[in-house]
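Enquirer: First residue of the sequence shown: 129, per my numbering; consecutive thereafter. From the three backbone atoms N, C-alpha and C, an ideal C-beta is built for every residue, glycine too. Below is one structure. I have some questions about it.
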Amino acid sequence: MSTLKDRKIGAGRSATVYLDHLPDGRATARKIFVGSTLAGLVHNVIFGANNPYIWHQGSILEAACRRRVLAALMKLWLPGKLRIAEIISVSWNEEFRANEITMEFIDGRAPSLHHPYSSLKETEIQDLVENVMKPLQGLLLDAGFDGLAWQAGYGNPVATSNFLLETTDAGEKRWVWVDLESGVPALFPANPKLLFTYYLQRTVVNGRPLYDDVDVPKLRDYIAVNKNALLAVMSEQEYEALCVDVSGLIHKPDDWRFMSRLQRSIQSKFARGKISEEETHYYKKHPLRWYGRQVKEGLGKVIGKAKSLLTESKLIKQLGNLMPKIKAFMFLPSYRTQLSRLLVGRSIEDWKKRRQLTEREADVLKHEMENSESSLYITDFGVLMALKPFVKVTTLAIVFGLGAFDVIGLLGGIIGYFSGGVIVRTIYTTCRILASTARGTSRPWFALLLGFIPVLGNAAYPLQLLYEGTRGGNGVAKFIIYDIMARLGRAVPIWGGPDTLVEHKANSIGDLLIRNRNALPEAAE
């Protein structure tokens with residue numbers, strides 16, 4: 129029987145999510161608040177302790193109330209368009225020493241990225257942003273959810289990853305807001321205007337950055353003013369339950385927001401079993417010793433991490449096998465073919481796991497890859513870049529040698545210097561064309577022509593790949609282009625990552641080159 133850790137289905141800045149089941153067989157998603165190292169560092173710098181959802185019981189109970197309140201309000205706000213994932217329970221997870229939320233499992237997916245067969249789904253991200261997130265942000269701010277607008281995308285491009293698209297029993301599409309708990313404080317919006325006109329202002333007013341804050345008096349007024357409208361979409365009992373949950377959002381005297389940095393730091397460690405109750409009393413009286421302990425532990429973690437990287441890193445362990453692989457890459461075309469198809473195949477599998485490609489779409493791409501030259505252009509580029517230092521050194525040696533014996537002059541030296549790369553590229557690409565001809569596959573004529581141009585010729589194979597992507601029918605080349613663009617989006621610090629608006633924007637740059645994206649009949653949803 130698989131353990132909970134084997135059923136991981138997602139991870140974000142605030143928590144890791146695992147698939148589980150209730151006794152009646154109903155699938156659930158258990159969100160356990162063990163945030164990322166970077167998010168923990170941000171929390172410690174700003175608040176003096178890790179994410180309060182991890183260690184503070186009041187925070188997790190407040191999160192549950194907030195979800196129930198918003199689930200009720202969504203019946204009025206965006207009926208049929210957006211709902212909140214149903215919360216089942218909150219509890220303390222002894223194994224992880226952290227709080228957790230159990231909610232219904234949503235069998236949905238993120239909005240579609242662009243790829244060779246995405247034509248029927250490319251409006252999803254626009255629908256989410258324009259018809260769901262932007263209206264939602266305004267409604268949240270009107271009702272007093274000052275901090276939660278961050279999780280709805282108010283200046284936060286990461287927030288698109290908080291929503292999934294599900295198909296109802298009636299076959300209709302509907303968005304589900306699954307992640308309502310922030311991973312970091314709302315202090316790093318991508319929109320500079322919002323930083324100065326909203327987030328910094330709220331930081332000054334509150335004395336700290338916003339972190340899923342709710343203006344409870346404002347929310348109560350909103351519910352009172354809209355009572356009749358709410359009763360039109362819910363029963364009296366549901367309305368009363370809504371009011372009770374709103375009361376649950378009032379901060380208790382022991383709320384983490386009312387603690388000093390020292391208290392938060394000590395209490396977070398105590399809650400997670402890192403120190404005893406006796407030690408908490410001691411360190412509250414001796415703060416310098418507490419911070420000294422923190423510095424010592426921090427240095428120990430850094431040293432331990434460095435040691436593990438040196439002793440356990442896969443890269444370090446594989447250094448002994450690196451030279452044979454480099455030789456094989458440089459001199460064995462069959463090895464390069466295998467490597468390029470392995471890399472592209474992994475990308476296809478990754479897209480399929482993310483449900484960005486259907487089973488049918490992935491199979492079509494894999495089948496085409498076995499008979500396509502497009503994936504090989506990646507390794508062709510790698511070979512020429514690997515040869516470049518050797519070619520430069522050799523060319524300079526020859527040019528200086530000929531110049532020393534007055535065989536060539538200054539002009540001849542310049543021409544000779546730039547000719548070295550051209551000659552190597554021409555020889556290599558000519559051999560590639562002969563090999564492709566023998567296999568009966570497409571030949572890189574475009575790369576051959578570009579190879580004659582100094583400097584620009586270095587990008588001959590990437591440009592050949594782009595050229596292949598503009599031609600109809602070459603699905604693998606198109607996929608590689610979209611995959612590279614998506615990878616660039618995911619790599620953007622702070623605001624990048626899977627399913628973020630940054631990834632979608634970067635991915636769609638491929639549209640500038642690729643016009644024909646036709647859904648496969650079997651893949652149409």
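Just to check my reading of the structure: residue 581 and residue 594 have Cβ atoms closer than 8 Å, yes? What is that Cβ distance to the nearest angstrom?
Expert: For the purposes of this step, residue 581 is identified with residue 453 of the sequence shown, where counting begins at 1. For the purposes of this step, residue 594 is identified with residue 466 of the sequence shown, where counting begins at 1. At roughly 15 Å, the Cβ-Cβ gap does not stay under 8 Å, so residue 581 and residue 594 are not in contact.
Enquirer: Taking the alpha helix (DSSP H) that residue 138 falls in, what are its first and last residues?
Expert: Counting from one through the sequence shown, the residue named residue 138 turns up at place 10. Unbroken run through residue 138 is the beta strand (DSSP E), 136-139; no alpha helix (DSSP H).
Enquirer: For residue 213, which of 199, 153, 378, 418 has the nearest alpha-carbon?
Expert: Counting from one through the sequence shown, the residue named residue 213 turns up at place 85. The candidate whose alpha carbon is nearest that of residue 213 is 199.
Enquirer: Where residue 150 and residue 156 are concerned, what is the direct C-alpha to C-alpha distance, given to the nearest angstrom?
Expert: Here residue 150 refers to the residue found at position 22 of the sequence shown. Here residue 156 refers to the residue found at position 28 of the sequence shown. If you take the alpha carbons of residue 150 and residue 156, they lie about 7 Å apart.
Enquirer: Pick out whichever of 572, 337, 591, 355 has its Cα sitting closest to the Cα of residue 317.
Expert: Mapped onto the sequence shown, residue 317 falls at position 189. Closest option to residue 317, Cα to Cα, is 337.
Enquirer: In the DSSP assignment, find the alpha helix (DSSP H) that holds residue 196 and state where it starts and stops.
Expert: Numbered from 1 along the sequence shown, position 68 holds the residue referred to as residue 196. Where residue 196 is concerned, the enclosing alpha helix (DSSP H) stretches over 185-205.
Enquirer: Under 8 Å, do residue 311 and residue 139 count as touching if we go by C-beta distance?
Expert: Position 183 of the sequence shown, counted from the start, is the residue given in the question as residue 311. Position 11 of the sequence shown, counted from the start, is the residue given in the question as residue 139. Contact flag unset, no.
Enquirer: Do you know offhand how far residue 362's Cα is from residue 203's?
Expert: As a working mapping, residue 362 is identified with position 234 in the sequence shown. As a working mapping, residue 203 is identified with position 75 in the sequence shown. Rounded to whole angstroms, residue 362 to residue 203 spans 8 Å at the Cα level.
Enquirer: Taking the alpha helix (DSSP H) that residue 411 belongs to, which residues open and close that run?
Expert: For the purposes of this step, residue 411 is identified with residue 283 of the sequence shown, where counting begins at 1. Segment 405-413, the alpha helix (DSSP H) holding residue 411.
Enquirer: At a cut of 8 Å, does the segment 419-428 reach the segment 207-221 through at least three beta carbon pairs?
Expert: Not touching, per the Cβ criterion.
Enquirer: Got a sec, what are the start and stop residues for the beta strand (DSSP E) residue 350 sits in?
Expert: Position 222 of the sequence shown, counted from the first residue, corresponds to residue 350. Careful: residue 350 lies outside any beta strand (DSSP E), inside the alpha helix (DSSP H) at 344-353.
Enquirer: Is DSSP giving residue 146 helix, strand or coil here?
Expert: Numbered from 1 along the sequence shown, position 18 holds the residue referred to as residue 146. Residue 146 falls in the strand class under three-state DSSP.
Enquirer: With 16 other CB atoms within 10 Å as the buried threshold, where does residue 525 fall?
Expert: On the sequence shown, residue 525 is found 397 positions in, with the first residue counted as 1. Exposed, since its Cβ has fewer than 16 Cβ neighbours within 10 Å.
Enquirer: With residue 392 and residue 175 assumed to form a contact (beta carbons below 8 Å), what rounded beta-carbon distance in angstroms separates them?
Expert: Here residue 392 refers to the residue found at position 264 when the sequence shown is read from its first residue. Here residue 175 refers to the residue found at position 47 when the sequence shown is read from its first residue. Yes, they are in contact, since the Cβ atoms of residue 392 and residue 175 sit about 6 Å apart, within 8 Å.
Enquirer: Please state if the CB of residue 344 and the CB of residue 374 are separated by a distance shorter than 8 Å.
Expert: In the sequence shown, the residue the question calls residue 374 occupies position 246. In the sequence shown, the residue the question calls residue 344 occupies position 216. Yes. Within cutoff.
Enquirer: Tell me where the alpha helix (DSSP H) around residue 573 begins and ends.
Expert: If you number the sequence shown from 1, residue 573 lands on position 445. Counting along the chain, the alpha helix (DSSP H) containing residue 573 begins and ends at 573-578.
Enquirer: Using DSSP's beta-bridge definition, name the partner residues of residue 304.
Expert: The residue you call residue 304 lines up with position 176 of the sequence shown. 211, 292, per the DSSP bridge assignment.
Enquirer: Curious, which full-length alpha helix (DSSP H) runs of at least 4 residues does the segment 217-293 contain?
Expert: Whole alpha helix (DSSP H) segments, 4+ residues: 262-271.
Enquirer: Can you give me the start and stop residues for the alpha helix (DSSP H) that residue 158 sits inside?
Expert: In the sequence shown, counting from the first residue as 1, residue 158 sits at position 30. Where residue 158 is concerned, there is no enclosing alpha helix (DSSP H), although the beta strand (DSSP E) it sits in stretches over 155-160.
Enquirer: With three or more beta-carbon pairs closer than 8 Å as the criterion, would you say the segment 559-573 touches the segment 466-475?
Expert: Too few Cβ pairs lie closer than 8 Å, so no.
Enquirer: Under the assumption that residue 367 contacts residue 359 (Cβ atoms under 8 Å), give the Cβ distance between them as a whole number of angstroms.
Expert: Locating residue 367 in the sequence shown gives position 239, counting from the first residue. Locating residue 359 in the sequence shown gives position 231, counting from the first residue. So it is a contact: roughly 6 Å between Cβ atoms.
Enquirer: Between the segment 322-329 and the segment 297-307, are three or more C-beta pairs nearer than 8 Å?
Expert: The answer is no - the segment 297-307 does not touch the segment 322-329, with fewer than three Cβ pairs under 8 Å.
Enquirer: Note down the Cα distance separating residue 550 from residue 263, rounded to an integer number of angstroms.
Expert: Here residue 550 refers to the residue found at position 422 when the sequence shown is read from its first residue. Here residue 263 refers to the residue found at position 135 when the sequence shown is read from its first residue. Each residue's alpha carbon lies about 56 Å from the other.
Enquirer: Which of helix, strand or coil does DSSP assign to residue 377?
Expert: Indexing the sequence shown from 1 puts residue 377 at position 249. Coil, per DSSP.
Enquirer: Determine the direct distance from the alpha carbon of residue 426 to that of residue 177, and round the result to whole angstroms.
Expert: Here the question's residue 177 lines up with position 49 in the sequence shown. Here the question's residue 426 lines up with position 298 in the sequence shown. Residue 177 and residue 426: Cα-Cα distance of roughly 13 Å.
Enquirer: Classify residue 314 as helix, strand or coil using the three-state DSSP reduction.
Expert: The residue labelled residue 314 in the question sits at position 186 within the sequence shown. Here residue 314 sits in strand by DSSP.
Enquirer: Where does residue 485 sit, in a helix, a strand or coil, going by DSSP?
Expert: Taking the sequence shown and counting its residues from 1, one reaches residue 485 at position 357. Reduced to three states, the DSSP call for residue 485 is coil.
Enquirer: Could you name the residues of the same chain whose beta carbon sits closer than 7 Å to that of residue 638, not counting the 5 residues immediately before and after it, in chain order?
Expert: In the sequence shown, the residue the question calls residue 638 occupies position 510. 242, 609, 610, 613.
Enquirer: Out of curiosity, what's the CA-to-CA distance linking residue 536 and residue 530?
Expert: Here residue 536 is taken as the residue at index 408 of the sequence shown, counted from 1. Here residue 530 is taken as the residue at index 402 of the sequence shown, counted from 1. So the two alpha carbons sit approximately 6 Å from each other.
Enquirer: Considering only their Cβ atoms, is the gap separating residue 331 from residue 628 smaller than 8 Å?
Expert: In the sequence shown, the residue the question calls residue 628 occupies position 500. In the sequence shown, the residue the question calls residue 331 occupies position 203. No, the Cβ-Cβ distance between residue 628 and residue 331 is not below 8 Å.
Enquirer: With residue 173 as the anchor, note down where its alpha helix (DSSP H) starts and where it stops.
Expert: Translated into positions along the sequence shown, residue 173 becomes position 45. Where residue 173 is concerned, the enclosing alpha helix (DSSP H) stretches over 165-175.
Enquirer: Give me the residue from 394, 252, 306, 500 with the minimum Cα distance to residue 565.
Expert: Along the sequence shown, read from residue 1 onward, the residue named residue 565 stands at position 437. When each option's Cα is compared against that of residue 565, the closest is 500.
Enquirer: Relative to the alpha-carbon of residue 321, which residue among 347, 293, 339, 284 has its alpha-carbon at the smallest distance?
Expert: Taking the first residue of the sequence shown as position 1, residue 321 is located at position 193. Among 347, 293, 339, 284, the Cα nearest to that of residue 321 belongs to 284.
Enquirer: Using a 10 Å radius around the Cβ and a threshold of 16 neighbouring Cβ atoms, would you call residue 142 buried or exposed?
Expert: Taking the sequence shown and counting its residues from 1, one reaches residue 142 at position 14. By the 10 Å Cβ count, residue 142 comes out buried.
Enquirer: Taking residue 278 as the reference, which of 259, 474, 313, 554 has the closest Cα?
Expert: Position 150 of the sequence shown, counting from 1, holds the residue named residue 278. Comparing Cα-Cα distances from residue 278 to each of 259, 474, 313, 554, the minimum goes to 313.
Enquirer: If you count every other CB in all the chains shown that lies within 10 Å of the CB of residue 215, and 16 or more means buried, which is it?
Expert: The residue you call residue 215 lines up with position 87 of the sequence shown. Buried is the call here.
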